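Here's the structure, in structure tokens; my notes come after.
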Amino acid sequence: MFPRQSRTESVGRVDWLSVTYLLGVLLLCYYLLPFVSLVASQPLGVVARRLTSPTVLSAAATSFTASVVSTAIATGLGLPLAYWLARAEGPRKTLVTAIVVLPLVLPPIVSGMLLLTVVGPETLVGRLAAENGIALTRSTAGVVLAQTFVASPFVVITAKAAFERVDPALEYASQSLGKSRLTTVRRITLPIAWPGILAGITLAFARAIGEFGATIMLAYYPRTMPVQIWISFTTLGLDNAFPVAVVLVGIAVLTLVVLNTLGSNPFD
Amino acid sequence: MLELSSLSKRYAEFAFGPLDLTVRNEVLSVLGPSGSGKTTLLSLIAGTAEPDGGTISLNGRRLDGRPIADRETGLVFQDGALFPHLTARENITYAATDPDRVDELAATFELADLLDRRPPTLSGGERQRVALARTLAADPAALLLDEPLSSLDAPIRRRLRDELHALFTDLDIPIVYVTHDQRTATALGDRLAVIRDGTIEQLGTPSDVVSHPETPFVASFTGTENVFAATVTGSTDGTTVRIGELALRSTETAETATGSTVTACIHPARLQLTPTDSGDAGATNTVSGVVEQWLNEGTDYRVSISVEGVAESLTATVRPAAVDGLSIDPGSPLRLTIPPDAVHLISSSAIPMD
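What follows is the structure in structure tokens.
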């Protein structure tokens, strides 16, 4: 009697944990299937030919270079802000956090329009830069400006959360041992928060290399990969845009893998 | 020497000080309940909080206004606050002013086998030993300890307390040890400060504070569980007081007139329990009582006894060996003797107990 009852119970019981895993797998498939479909649908020869195309190579170089620079700027400027936000209290923190999140909630094309009102060729900043030989639109600098605007919040928000998880008592302990605040941040706070910071840098790079809306408003030229894909699509059709997309996906995935593989703590 | 003068700090719902305190090259235990201002005191000295008023000096050098790193005040936290990404050795080396001291401190704190381990793999006691070694590696001019034993299991806590006692004896710097544990405070402190609501309620040697509390709060917080409102009924050859209908003699001289109210404090260890058929029933301060309940606390039995005419029960602690000749089951009659020198009187002008 007893074993039979037990079997009956186990048959009737829903394993909710497995169900939640299945839901996760479903989402994972939703992410992966378009990539698999994209890569499978493109003959390798076609992709290879597109890889050696000067326009694609130029777009890849622009995208990669600008993404590295914009991610570096986002990290350099974002980490101090993230640290301040993590340690600040009160309404100022709420206000600054809201400002940081703004680029995330704006449609990228609107971000591009807004940026044009600040760094466009007819603006004070744009004219001053141009007089000094720096074009802030229709240039790599324009691409970097657009990417930094939309990607840097990922560094700030993610690093802020990572800094908040570092117990302030550890910083007090370090300072009470005679170490300055700068030494404390460099040798204690940053190493402990590093995994979270790296996640933010990775997200920012991924967002930068895929940036399209703000970039097309600020810098149609030089073409980035997303812009090149758009042009290939609108002028030659979907089939011609796909091989370029494969190249972009390849660069993005490779960079993200390298970022995470080489993501050992530089502050440790 | 650490000197605090008119030190104050105001938070939204808590005011600390003004507080005057001098700590010589000694161990000052600061004892108080949660929220009494113990940690605020350490924060102000260490520099993790800045005072609103007053001054802090260490060996004649003003500390207030200086960065934490420039105060030379070693701070030991409740959980050790070890850097989790560094090994025990790296934690100590991080602080060491002299790299040669790392191994010396590791030997002092018996850390040789733990040096290559990271904090998450260490036990609570091991973490605190590493934290102490790290703090001392920085060669501080004063040592501040914020309940470093409170999160440890009892056997480890006792062992580390013994080790701290030996360590403190060798250190010739001001040491402020904050705790809410009366036993630790009295065991480690050369002097004991009882703090409450941001002010020091009593300061003295541990034995003096425990045996002669100046306020009902100090009495209660330092282990005197029998704290009663009493009326002075006579002042010949000491003082006679009445608690409810119980008349007690005290060897102390009350500072108030007959008829006035005082607080009578009797430490539970001073109550003597005997069977009802033994001794002199008419001896001074000897009354009959009935056991309400008892609790085996390991080292002692804690017995609550009701006495006719007294609203609150009296508490006595009895050594296990003494229990053998007694019946302490609830309802058992007993004879209580309270030595007159065990009845400590606090005048009603002292701060009332909440």
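Residue numbers (the UniProt record's numbering), protein chains in the order written: chain Y, 1 to 268; chain L, 1 to 354.
Backbone N, C-alpha and C fix where the C-beta goes; we use that ideal spot for every residue, glycine too.
In this text the structure is predicted, and so the values were computed from the model without any measurement.
Residues that DSSP places opposite residue i in a beta bridge
i: Pro333 of chain L; result: L:Val290
i: residue 358 of chain L; result: As shown, chain L starts at 1 and ends at 354. That puts residue 358 of chain L outside it, with no answer to give.
i: Thr184 of chain L; result: Thr184 of chain L pairs with nothing; no bridge assigned.
i: Val241 of chain L; result: L:Val232, L:Leu248
i: Gly204 of chain L; result: L:Leu192
i: Arg302 of chain L; result: L:Leu295, L:Thr317
i: Val178 of chain L; result: L:Val30, L:Asp146
i: Val307 of chain L; result: L:Gly289
i: Gln228 of chain Y; result: Its beta-bridge partners do not exist; DSSP assigns none.
i: Thr274 of chain L; result: L:Arg335
Contact with chain Y by residue i, beta-carbon distance below 8 Å
i: Phe77 of chain L; result: yes
i: Ala88 of chain L; result: no
i: Arg134 of chain L; result: yes
i: Pro84 of chain L; result: yes
i: Tyr11 of chain L; result: no
i: Leu2 of chain L; result: no
i: Tyr94 of chain L; result: yes
i: Ala112 of chain L; result: no
i: Thr73 of chain L; result: yes
i: Thr48 of chain L; result: yes
i: residue 404 of chain L; result: In this structure chain L extends from 1 to 354, so residue 404 of chain L is not present and cannot be described.
i: Ala138 of chain L; result: yes
i: Phe16 of chain L; result: no
i: Ala106 of chain L; result: no
i: Ala81 of chain L; result: yes
i: Val68 of chain L; result: It should be noted that the sequence gives Ile, not Val, for residue 68 of chain L. Closer than 8 Å to some Cβ of chain Y, the Cβ of Ile68 of chain L qualifies, so yes.
i: Ile346 of chain L; result: no
Closer than 8 Å to chain L by CB, residue i
i: Tyr172 of chain Y; result: yes
i: Leu177 of chain Y; result: yes
i: Pro91 of chain Y; result: no
i: Pro191 of chain Y; result: yes
i: Ala169 of chain Y; result: yes
i: Ile197 of chain Y; result: no
i: Ile188 of chain Y; result: yes
i: Ser180 of chain Y; result: yes
Selection from the options that minimises the alpha carbon distance to residue i
i: Asp79 of chain L; options: L:Thr253, L:Asp52, L:Gly125; result: L:Gly125
i: Glu104 of chain L; options: L:Leu136, L:Leu82, L:Thr73; result: L:Leu136
i: Pro275 of chain L; options: L:Val290, L:Ala269, L:Val130, L:Ala264; result: L:Val290
i: Leu136 of chain Y; options: Y:Arg13, Y:Pro243, Y:Asp239, Y:Met217; result: Y:Met217
i: Val232 of chain L; options: L:Tyr301, L:Ile200, L:Ile346; result: L:Ile346
i: Tyr172 of chain Y; options: L:Asp277, L:Asn285, L:Arg71; result: L:Arg71
i: Gly120 of chain Y; options: Y:Val143, Y:Gly250, Y:Ala98; result: Y:Val143
i: Ile188 of chain Y; options: L:Thr87, L:Gln293, L:Thr299; result: L:Thr87
i: Ser153 of chain Y; options: Y:Arg186, Y:Val105, Y:Gly112, Y:Glu131; result: Sequence check: residue 153 of chain Y is Pro here, not Ser. It is Y:Val105 whose Cα lies nearest to the Cα of Pro153 of chain Y.
i: Thr222 of chain L; options: L:Ser151, L:Leu271, L:Leu31; result: L:Leu31
i: Val118 of chain Y; options: Y:Ala48, Y:Phe149, Y:Arg92; result: Y:Phe149
i: Ala219 of chain Y; options: Y:Thr140, Y:Val25, Y:Leu77; result: Y:Thr140
i: Val110 of chain Y; options: Y:Thr234, Y:Val249, Y:Thr215, Y:Trp230; result: Y:Thr215
i: Ser150 of chain L; options: L:Leu336, L:Asn59, L:Ala185, L:Asp170; result: L:Ala185
i: Leu79 of chain Y; options: Y:Gly237, Y:Leu259, Y:Gly200, Y:Thr65; result: Y:Gly200
i: Ser60 of chain L; options: L:Arg24, L:Phe77, L:Gly53, L:Pro51; result: What sits at residue 60 of chain L in the sequence shown is Gly, not Ser. Selected option, being the one with the closest Cα: L:Arg24.
i: residue 304 of chain Y; options: Y:Leu128, Y:Ala88, Y:Thr202; result: One cannot answer for residue 304 of chain Y here, as it falls past the ends of chain Y, which runs 1 to 268.
i: Val76 of chain L; options: L:Asp20, L:Arg302, L:Thr179; result: L:Thr179
i: Asp329 of chain L; options: L:Arg302, L:Thr337, L:Val343, L:Glu312; result: L:Arg302
i: Leu248 of chain Y; options: Y:Pro168, Y:Leu198, Y:Trp230; result: Y:Trp230
i: Ser278 of chain L; options: L:Leu152, L:Asp113, L:Ala257, L:Ser327; result: L:Ser327
C-beta atoms of residue i and residue j nearer than 8 Å
i: Ile175 of chain L; j: Gly37 of chain L; result: no
i: Tyr177 of chain L; j: Ser34 of chain L; result: no
i: Ile192 of chain Y; j: Val156 of chain Y; result: no
i: residue 269 of chain Y; j: Phe212 of chain Y; result: The requested residue 269 of chain Y is not part of the displayed model; chain Y covers only 1 to 268.
i: Ala142 of chain L; j: Leu2 of chain L; result: yes
i: Pro148 of chain L; j: Arg118 of chain L; result: no
i: Asn226 of chain L; j: Ile200 of chain L; result: no
i: Asp341 of chain L; j: Thr251 of chain L; result: yes
i: Leu38 of chain Y; j: Phe242 of chain Y; result: yes
i: Thr40 of chain L; j: Leu58 of chain L; result: no
i: Leu85 of chain Y; j: Thr71 of chain Y; result: no
i: Thr286 of chain L; j: Thr337 of chain L; result: yes
i: Arg161 of chain L; j: Ala133 of chain L; result: no
i: Val307 of chain L; j: Leu314 of chain L; result: yes
i: Gly196 of chain Y; j: Ala161 of chain Y; result: yes
Neighbour flag for residue i against chain A, beta carbons, 8 Å
i: Ser139 of chain Y; result: Note that chain A does not occur in the displayed structure, where the protein chains are Y and L.
Problem set entry | Segments of 4+ residues assigned as alpha helix (DSSP H) that fall wholly inside the segment 25 to 106 of chain Y | 44 to 51, 54 to 87, 91 to 105
For this session: Output the residue ranges of the beta strand (DSSP E) runs that lie fully inside the segment 2 to 77 of chain L and measure 3 residues or longer, sorted by chain position.
Result: 2 to 10, 15 to 23, 27 to 31, 53 to 58, 73 to 76
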